[in-house]
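**Q** Going letter by letter, the sequence shown gives residues 3 to 411 in this note's numbering.
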Amino acid sequence: MNGANAGAGPGGAGGEAPLVYQAWKGNNVFFLQGRFIFGPDARSLFVTMFLIIAPVSIFCVFVAKGLMNDFSYGLGLPVMVAAVVFTAYDMSLLLLTSARDPGIIPRNAHPPEPEGFEGNAEVGANQTPPLRLPRVKDVVVNGITVKTKYCDTCMLYRPPRCSHCSICNNCVERFDHHCPWVGQCIGLRNYRFFYMFVFSTTLLCLYVFGFCWVYIIKIRNAEQITIWKAMAKTPASIALVVYTFIAVWFVGGLSVFHLYLMSTNQTTYENFRYRYDQRANPYNRGVVENIKEIFFTPIPVSRNNFGARVPQEQGLRPRSTNGFMSPNMGRAVGDIEMGRKPVAWDEPRMAAEIGDLGGLGNLLEDKDGRFRNASPDLSRDALAVGGLDEQGSSAMNPPRTSWGVEAGR
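1. Does any C-beta atom of chain C lie closer than 7 Å to the C-beta of Thr228?
2. Which residues does DSSP pair with Lys139 in a beta bridge?
3. Mark Gly105 as exposed unless 16 or more other C-beta atoms lie within 10 angstroms of its C-beta, in which case mark it buried.
4. Would DSSP call Val22 helix, strand or coil?
5. What is the rounded straight-line gap between the Cα of Gly28 and the Cα of Thr155?
6. Count the C-beta pairs between the stretch 220–228 and the stretch 241–258 that are closer than 8 Å, then say yes if the count reaches three, no if not.
7. Considering just the uninterrupted stretch of the beta strand (DSSP E) at Ser168, what are its terminal residues?
8. Taking 7 Å as the cut-off, decide whether the C-beta atoms of Lys149 and Asp140 are in contact.
9. For the candidate residues Tyr276, Tyr271 and Cys173, whose alpha-carbon lies nearest to that of Asn306?
10. To the nearest whole angstrom, what separates the beta carbons of Asn267 and Tyr245, a pair I think is in contact under 8 Å?
11. Counting along the chain, where does the beta strand (DSSP E) carrying Val63 start and finish?
12. Given this structure, state the Cα-to-Cα distance separating Met82 from Cys153, to the nearest angstrom.
13. For the putative contact between Val253 and Thr299, defined by C-beta atoms under 8 Å, what is the C-beta separation to the nearest angstrom?
14. Going along the chain, which residues of its own chain have a beta-carbon closer than 6 Å to the beta-carbon of Tyr262, five neighbours each way excluded?
15. Report back the beta-carbon spacing between Leu95 and Phe259 to the nearest angstrom; my notes put them in contact at under 8 Å.
16. Starting from Cys181, follow the beta strand (DSSP E) in both directions and report where the run begins and ends.
17. Roughly how many angstroms lie between the CA atoms of Arg191 and Ala111, to the nearest whole one?
18. If you draw a straight line from the C-alpha of Glu18 to the C-alpha of Tyr197, how long is it?
19. Quick check: the Cα distance between Ile54 and Thr89, rounded to an integer number of angstroms?
20. Are the stretch 158–171 and the stretch 62–69 touching by the rule of at least three beta carbon pairs closer than 8 Å?
21. With distances taken Cα to Cα, identify the nearest neighbour of Val216 among Ile240, Arg311 and Tyr91.
22. List the endpoints of the continuous beta strand (DSSP E) containing Val31.
Quick look at the structure:
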């Protein structure tokens, strides 16, 4: 169910404005009237849950129950209860990670006005050609200059550490990555729970792995047989030992990697993109302070009230650009930030949607100013002049995708 189609119709009851989650332009999926927000690949959650619950169930039935029935040490019941409680805790962390707003920045209804613009109608509206907003802005963070980029889709300058996820189609604060295993972006408001989930899954794997060996050894000692014969008597334990051994390399390795990222105050996106080992990291305040920032600071309140009504002026007022163009308006499709391949023009769709500035994103040109992968019938002059209405507005909404797309840009 898409964010724009989840729940009642966009018109709302009795002609009222729709709720925010009903008119949502991202690719998110909502449940319980916007109380839970998932990514478009939320169905992967069922795979993740199965990969955790299924082996724990086998462990309880064949290993913990065996410890309880075959040995009179009172060991089996506590082992089973601990496994069930630990699994429930792990599932709750998974839900806290995947079903909450990761830190989405609300979109603007129209592009921001350039700095120094005071609303003079003679500047911008009557400008030919219209002024183009700067692509980047410089922001000083702890004495180090950081470049913030303009997002054409959300029509805003992204705050530092913010990136646009092309899978969810949202700008996310402190964007780390889009995780298909939890079906959600990992950002400012759910990174803590994501790490706790990964780490607790690692501990759960080690727990099952360890007690499977305990059961095997108890069989060997009780029957005075070799370890190989004892293993043959409990094939479920062997299967779980192999499964958890493989799994712990993935989740354990991920836990160690993110522990390094937290200690150096990096995100996955920054680590792969900027390589702070070769340049100054403006966010690194020392290991202790970095860890405290993740686990011991209040989680910011969501900027989005998904259950509220869409403001009337946002839903009814025509979008106005004040005569200013987005940085990428009139350029070929592509993405210089993540090196994504240009996408061919959808000419009929572009012609139908020209005049709406809401979603013109990722339109770039090469160094020579020529179109890349554009239709031969389109030229820069045709798009920059013919494709603009009297107010200088134009748009093309990007297609929504959920699988097989690079997340950050």
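C-beta: ideal position from N, C-alpha, C; glycine also.
**A** On the basis of the supplied data:
1. In the structure shown, chain C does not exist; there is a single protein chain.
2. Here residue 139 refers to the residue found at position 137 when the sequence shown is read from its first residue. Beta-bridge pairing links Lys139 to Thr150.
3. In the sequence shown, residue 105 corresponds to position 103, counting from 1. Under this definition Gly105 is a buried residue.
4. On the sequence shown, position 20 is the one that residue 22 refers to. Judged by DSSP in its simplified three-state form, Val22 adopts coil rather than helix or strand.
5. Residue 28 sits at position 26 when you count from the first residue of the sequence shown. Residue 155 sits at position 153 when you count from the first residue of the sequence shown. Approximately 10 Å between the Cα atoms of the pair.
6. Counting Cβ pairs under 8 Å, fewer than three are found: no touch.
7. In the sequence shown, residue 168 corresponds to position 166, counting from 1. Counting along the chain, no beta strand (DSSP E) covers Ser168, and no H or E run does either.
8. Here residue 149 corresponds to residue number 147 of the sequence shown, with the count starting at 1. Here residue 140 corresponds to residue number 138 of the sequence shown, with the count starting at 1. With respect to Asp140, Lys149 sits close: the two C-beta atoms are nearer than 7 Å.
9. Here residue 306 refers to the residue found at position 304 when the sequence shown is read from its first residue. Restricting attention to Tyr276, Tyr271 and Cys173, the CA atom closest to the CA of Asn306 is found in Cys173.
10. Locating residue 267 in the sequence shown gives position 265, counting from the first residue. Locating residue 245 in the sequence shown gives position 243, counting from the first residue. Their Cβ separation, rounded to whole angstroms, is 35 Å, which puts Asn267 and Tyr245 out of contact at 8 Å.
11. Taking the first residue of the sequence shown as 1, we reach residue 63 at position 61. From DSSP, Val63 is part of no beta strand (DSSP E); its letter is neither H nor E.
12. Indexing the sequence shown from 1 puts residue 82 at position 80. Indexing the sequence shown from 1 puts residue 153 at position 151. Each residue's CA atom was taken as its position, placing Met82 and Cys153 some 51 Å apart.
13. Counted from its first residue, the sequence shown places residue 253 at position 251. Counted from its first residue, the sequence shown places residue 299 at position 297. The Cβ separation is near 25 Å, so there is no contact.
14. Start at 1 with the first residue of the sequence shown, and residue 262 comes out as number 260. Within the same chain, Tyr262 has no close Cβ partners at all.
15. Locating residue 95 in the sequence shown gives position 93, where the first residue counts as 1. Locating residue 259 in the sequence shown gives position 257, where the first residue counts as 1. That pair is no contact at about 18 Å.
16. Start at 1 with the first residue of the sequence shown, and residue 181 comes out as number 179. Per DSSP, Cys181 belongs to the beta strand (DSSP E) from His179 to Cys181.
17. Taking the sequence shown and counting its residues from 1, the one referred to as residue 191 is at position 189. Taking the sequence shown and counting its residues from 1, the one referred to as residue 111 is at position 109. Between Arg191 and Ala111, the C-alpha separation is close to 24 Å.
18. Against the sequence shown, residue 18 aligns to sequence position 16. Against the sequence shown, residue 197 aligns to sequence position 195. Pairing Glu18 with Tyr197, the inter-Cα distance amounts to about 41 Å.
19. Locating residue 54 in the sequence shown gives position 52, where the first residue counts as 1. Locating residue 89 in the sequence shown gives position 87, where the first residue counts as 1. The alpha-carbon of Ile54 is positioned some 8 Å away from that of Thr89.
20. Not touching, per the Cβ criterion.
21. By 1-based counting over the sequence shown, the position of residue 216 is 214. Among Ile240, Arg311 and Tyr91, the Cα nearest to that of Val216 is on Ile240.
22. The residue you call residue 31 lines up with position 29 of the sequence shown. For Val31, the uninterrupted beta strand (DSSP E) run begins and ends at Val31 to Phe33, by DSSP.
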